[in-house]
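Peer 1: Dropping a structure here in structure tokens format, bear with me for questions.
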Amino acid sequence: MKNIGRNVAIWVVIVLAVIGMLAAFQPGGSRQAVQKIAYSDFVHDVERHEVRSVTIREQNISGVLTNGTSFETYAPSDPSMVSRLTAAGVEVTAHPPQSDDNPVLRYIAAYLPIILMLGLGFMVFRQMQNGGAGRGAMSFGKSRAKMMVEKKGRVTFADVAGVDEAKEDLVEIVDFLKDPHKFTRLGGRLPKGVLLVGPPGTGKTLLARAVAGEANVPFFSVSGSDFVEMFVGVGASRVRDMFEQGKKNAPCIIFIDEIDAVGRQRGAGLGGGNDEREQTLNQMLVEMDGFDSNEGVILIAATNRPDVLDQALLRPGRFDRQVVVPNPDMLGREKILQVHLKKLPLSADVNPRVIARGTPGFSGAELANLVNEAALFAARQNRKVVSMAQFEEARDKIWMGAERRSAVIEEEEKRMTAYHEAGHAIASVLTPGTTPIHKATIVPRGRTLGMVMSLPDKDPDVISRREAYARIVVAVAGRVAEEIIYGHDAVTSGAASDISQATSTARSMVAQIGMSELIGMVDCTDRSQISGQTGREIDQEVRKLIDQAYGQCKHTLLTHIDALHALAAALVEYETLTGEEVKKVIRGEPLGKEEEEEYSFNGRRPSVPSSGAMSGAASGGEVASQPA
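In the working numbering, the protein residues as written are 1267 to 1894.
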């Protein structure tokens, strides 16, 4: 608030100064308009007795005509002018040279515009240099680190969930900031820098804020890109200024987000930009070595690219501790959801464990977005509480995109989509090693006309050969179903992403993870490092795997052709089936015929016209989709 008041006052003064300048440059602007006439016209008016009165000041004559018009003119040296005026009956008033001018006022009037211009320029310069907490246009060498002292509602470790191991590594930092003598009296030295490594959205910044909140110390936050500018020496100056601010507010924490923007491996430095980046990095290395642990300045940085950082930055004495912050597992996701769900009114059917199981691979930020989307869905439906149905819909929107129910597709295309997805679903249920099926749908979402989604029982850390092969079988099942029902010449481009997925999985099995007897346990991902013969053998093995999976899938669908027809009909009727409902249809059990009034948690709804000419594969879990 103080900065806002100061800025308002400065701009008020600037506006007043501009007004004063305009008034100084236009001293007669407020007076009545005066007509300037030639001296010959003035003499002519005097001779015709059309002048009422005049005022003579040196050689300037002003006056009023008989018609009330004011005038001004410049008179040359004419000694007879006064006698002619009096002869014509004109009232004459004469002033001695500079008789009523104050010298001080005259000098002020002369120099006031210059003073105002200089003052205005100085104030604007100071505003650009110091305004906005060091973010002025002229504050090149000032640090852009923002200081946050959260006296109320500060972040603590209780607000961070799902990263227990990372929190344990940072507890020592908190203990040091609270009681540094506990470590120094035994000769110990706390790490001067802590590097948080992990993918985006895993909570690296939140962890750093929690450390500051637990220790109740000032927290400086800055981005790595803020140090790099086009002007030489600016980055190094900002680094120096940042550490100076830290020392003045010690004990404190300095957090640098995305440090890879300034801490990349140093190279030859052939360009000016590279030289500037290296100067900034060199200054940071010096500053990290320059402050002692007893000064209470802890440097925490975050990156998702530790491989590109300069080795001098990672050596002991600088960033000598790395804390890995991975995506949370199922238990971690459950804890994160519990933190976010505290803020929502929930129905009794909401189970954080079920939501966590259905969101494999989600980061903490994505889980927060999921909870927010569910709350928005509930608000659109005018509900008082958020139920499991909204979480299901929110997850489907994040993974597969929003429903496209505004357009209409032809009935035959809808039927073909149903057979395509039914093939995926049957292969997913009947092939050994597949992930449990979660949902089958032909509702257009995003770029997809339909999809079959599978969710694992647990977070997969490794994958077996049987599981990898099962993925290929499920991927080709959509094309196999089209060929069985419509014939070889009627298959569509809907299997494009399925073919890409099957080829990628097969090539990874053969060339990367040693699951081919012919190629063996050899990493052949770099084609430039293998012979032409080996490359041809890899291609043959990839084709062999896909052909084998295609044949197995075709045999499975032909064996269960009745289930294929029944499942396609159920998808046309209900559009969305859960995994349990898919299994019921395959077993020949009837589905309930009741039509639900709204989209419930099991996802089944009566068929309505839907459309979309384009579709594409969605990500998340395992999804088999039909793109155009």
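Glycine included, every Cβ here is placed at the ideal spot set by N, Cα and C.
Where in the stretch 1300-1388 do unbroken runs of the alpha helix (DSSP H), each at least 4 residues long, occur, reported from the N-terminal end onward?
Peer 2: List check, alpha helix (DSSP H) in window: 1305-1313 and 1347-1353.
Peer 1: Out of 1686, 1662, 1698 and 1700, state which residue places its alpha-carbon closest to the alpha-carbon of residue 1764.
Peer 2: Locating residue 1764 in the sequence shown gives position 498, counting from the first residue. The option with the nearest alpha carbon to residue 1764 is 1686.
Peer 1: Nearest CA to the CA of residue 1306: which residue from 1321, 1327 and 1451?
Peer 2: Locating residue 1306 in the sequence shown gives position 40, counting from the first residue. Measuring from the Cα of residue 1306, the nearest candidate turns out to be 1327.
Peer 1: Quick one: using the 10 Å Cβ neighbour count with 16 as the cut-off for buried, is residue 1704 buried or exposed?
Peer 2: If you number the sequence shown from 1, residue 1704 lands on position 438. The residue in question, residue 1704, is buried, as its Cβ has 16 or more Cβ neighbours within 10 Å.
Peer 1: With three or more C-beta pairs closer than 8 Å as the rule, is the stretch 1704-1714 touching the stretch 1787-1800?
Peer 2: Not touching, per the Cβ criterion.
Peer 1: Pick from 1339, 1655 and 1521: whose alpha carbon is nearest that of residue 1486?
Peer 2: On the sequence shown, position 220 is the one that residue 1486 refers to. The shortest Cα separation from residue 1486 among 1339, 1655 and 1521 belongs to 1521.
Peer 1: Would you please state the rounded distance, in angstroms, between the beta carbons of residue 1730 and residue 1699? I believe it to be under 8 Å.
Peer 2: Reading the sequence shown from its first residue, position 464 is the one you call residue 1730. Reading the sequence shown from its first residue, position 433 is the one you call residue 1699. Going by Cβ atoms, the distance from residue 1730 to residue 1699 rounds to 7 Å, so yes, they are a contact pair.
Peer 1: Between residue 1869 and residue 1844, what straight-line distance do the alpha-carbon atoms span, to the nearest angstrom?
Peer 2: Counting from one through the sequence shown, the residue named residue 1869 turns up at place 603. Counting from one through the sequence shown, the residue named residue 1844 turns up at place 578. Caution is warranted here: a pLDDT of 44 is assigned to residue 1869, below 50, making its placement in the model unreliable, and the coordinate value is therefore given only provisionally. Spanning the two alpha carbons is a distance of roughly 6 Å.
Peer 1: I think residue 1518 touches residue 1483, with their Cβ atoms under 8 Å apart; what is that distance to the nearest whole Å?
Peer 2: On the sequence shown, position 252 is the one that residue 1518 refers to. On the sequence shown, position 217 is the one that residue 1483 refers to. With a Cβ gap of about 5 Å, residue 1518 and residue 1483 count as contacting.
Peer 1: By DSSP's criteria, residue 1844 is part of a beta bridge. Which residues make up the other side?
Peer 2: For the purposes of this step, residue 1844 is taken as the residue at position 578 of the sequence shown. For residue 1844, which the question treats as bridged, DSSP gives the partners 1705.
Peer 1: Can you find the residues in the same chain that come closer than 6 Å, C-beta to C-beta, to residue 1684, ignoring five residues on each side of it along the sequence?
Peer 2: Numbered from its first residue, the sequence shown carries residue 1684 at position 418. Correct list, in chain order: 1708, 1834, 1837 and 1838.
Peer 1: For residue 1588, which of helix, strand or coil comes out of DSSP?
Peer 2: Here residue 1588 is taken as the residue at index 322 of the sequence shown, counted from 1. Residue 1588 falls in the strand class under three-state DSSP.
Peer 1: How would you write the range of the alpha helix (DSSP H) that residue 1565 sits in, first residue to last?
Peer 2: Against the sequence shown, residue 1565 aligns to sequence position 299. Per DSSP, residue 1565 belongs to no alpha helix (DSSP H); it is in the beta strand (DSSP E), 1563-1569.
Peer 1: Which of the three DSSP states is assigned to residue 1714 in this structure?
Peer 2: Translated into positions along the sequence shown, residue 1714 becomes position 448. Strand.
Peer 1: Residue range of the alpha helix (DSSP H) that residue 1576 falls in?
Peer 2: Position 310 of the sequence shown, counting from 1, holds the residue named residue 1576. That residue, residue 1576, is in no alpha helix (DSSP H); it is neither H nor E in DSSP.
Peer 1: Cα separation between residue 1511 and residue 1525?
Peer 2: Within the sequence shown, numbered from 1, the residue matching residue 1511 stands at position 245. Within the sequence shown, numbered from 1, the residue matching residue 1525 stands at position 259. If I take the Cα positions, the gap works out to 19 Å.
Peer 1: Would a C-beta distance cut-off of 8 Å place residue 1782 and residue 1775 closer than the cut-off?
Peer 2: Within the sequence shown, residue 1782 is the residue found at index 516, counting from 1. Within the sequence shown, residue 1775 is the residue found at index 509, counting from 1. Against a cut-off of 8 Å, the Cβ pair of residue 1775 and residue 1782 comes out as a contact.
Peer 1: Using CA atoms only, rank isn't needed, just tell me which of 1334, 1455 and 1281 is closest to residue 1385.
Peer 2: On the sequence shown, residue 1385 is found 119 positions in, with the first residue counted as 1. Nearest of 1334, 1455 and 1281 to residue 1385, Cα basis: 1281.
Peer 1: How would you call residue 1401, buried or exposed, if buried means at least 16 neighbouring beta carbons within 10 angstroms?
Peer 2: Taking the sequence shown and counting its residues from 1, the one referred to as residue 1401 is at position 135. Residue placement at residue 1401 is poorly supported in this model, since its pLDDT is 48, which falls under 50; the coordinates still yield a value, given next. Residue 1401 should be labelled exposed.
Peer 1: Using a Cβ-Cβ cut-off of 7 Å (strictly less than) and excluding sequence neighbours within five positions of residue 1650, which residues of its own chain qualify?
Peer 2: As a position in the sequence shown, residue 1650 is number 384, starting the count at 1. Cβ within range, chain order: 1611.
Peer 1: Would residue 1474 pass as a contact of residue 1566 if the rule is Cβ separation under 8 Å?
Peer 2: Here residue 1474 refers to the residue found at position 208 of the sequence shown. Here residue 1566 refers to the residue found at position 300 of the sequence shown. Their beta carbons are under 8 Å apart, which means residue 1474 touches residue 1566 by this criterion.
Peer 1: Take residue 1746 and list the residues in its own chain whose beta-carbon comes closer than 7 Å to its own, dropping the five residues that flank it on each side.
Peer 2: Residue mapping note: residue 1746 aligns to position 480 of the sequence shown, counting from 1. Hits under 7 Å: 1689, 1816, 1819, 1820 and 1823.
Peer 1: At what residues does the alpha helix (DSSP H) containing residue 1526 begin and finish?
Peer 2: Indexing the sequence shown from 1 puts residue 1526 at position 260. No alpha helix (DSSP H) holds residue 1526; DSSP gives it neither H nor E.
Peer 1: What number of angstroms, rounded off, separates the C-alpha of residue 1338 from the C-alpha of residue 1300?
Peer 2: Residue mapping note: residue 1338 aligns to position 72 of the sequence shown, counting from 1. Residue mapping note: residue 1300 aligns to position 34 of the sequence shown, counting from 1. Residue 1338 and residue 1300: Cα-Cα distance of roughly 7 Å.
Peer 1: Just curious, the alpha helix (DSSP H) that residue 1505 is in, first and last residue?
Peer 2: Here residue 1505 refers to the residue found at position 239 when the sequence shown is read from its first residue. That run of the alpha helix (DSSP H) goes 1500-1514.
Peer 1: Spatial neighbours of residue 1444 within its chain, please: CB distance less than 6 Å, with the 5 preceding and 5 following residues excluded, ordered by chain position.
Peer 2: As a first step, residue 1444 is located in the sequence shown; it is residue number 178 there, counting from the start. Counting only Cβ-Cβ distances below 6 Å, and skipping sequence neighbours, we find 1481.
Peer 1: Of all the options 1434, 1682, 1693 and 1777, which has the alpha carbon lying nearest to the alpha carbon of residue 1753?
Peer 2: Against the sequence shown, residue 1753 aligns to sequence position 487. Closest by alpha carbon: 1682.
Peer 1: Along the chain, where does the beta strand (DSSP E) that runs through residue 1610 open and close?
Peer 2: As a working note, residue 1610 is residue 344 in the sequence shown. Counting along the chain, residue 1610 falls outside any beta strand (DSSP E), and DSSP gives it neither H nor E.
Peer 1: Tell me whether residue 1702 is buried or exposed, calling it buried when 16 or more other Cβ atoms sit within 10 Å of its Cβ.
Peer 2: Taking the sequence shown and counting its residues from 1, one reaches residue 1702 at position 436. Under this definition residue 1702 is an exposed residue.
Peer 1: Return the chain-ordered list of same chain residues with a C-beta closer than 6 Å to the C-beta of residue 1864, the five sequence neighbours on each side being excluded.
Peer 2: Residue 1864 sits at position 598 when you count from the first residue of the sequence shown. Confidence in residue 1864 is poor, its pLDDT being 43 and thus under 50, which makes the residue's placement unreliable; the coordinate value appears in the next sentence. Taken in chain order, the list of residues that qualify is empty.
Peer 1: When you compare the stretch 1429-1436 with the stretch 1465-1473, are there three or more beta-carbon pairs, one atom per stretch, that lie closer than 8 Å?
Peer 2: Yes, since at least three Cβ pairs between the stretch 1429-1436 and the stretch 1465-1473 fall closer than 8 Å, the two stretches touch.
Peer 1: The alpha helix (DSSP H) spanning residue 1459 covers which residue range?
Peer 2: Residue numbering aside, residue 1459 sits at position 193 when the sequence shown is read from its first letter. First-last for residue 1459: 1459-1463, but that is the beta strand (DSSP E), not the alpha helix (DSSP H).
Peer 1: For residue 1692, name the three-state secondary structure that DSSP assigns.
Peer 2: Here the question's residue 1692 lines up with position 426 in the sequence shown. The answer is helix: DSSP assigns residue 1692 an H, G or I state.
Peer 1: Given residue 1621, which residues of its chain have a CB within under 7 Å of its CB, disregarding the five upstream and five downstream residues?
Peer 2: Translated into positions along the sequence shown, residue 1621 becomes position 355. Here the set comprises 1603 and 1657.
Peer 1: Please state whether DSSP places residue 1763 in a helix, a strand or coil.
Peer 2: For this step, residue 1763 is matched to residue 497 along the sequence shown. Note: residue 1763 maps to helix in three-state DSSP.
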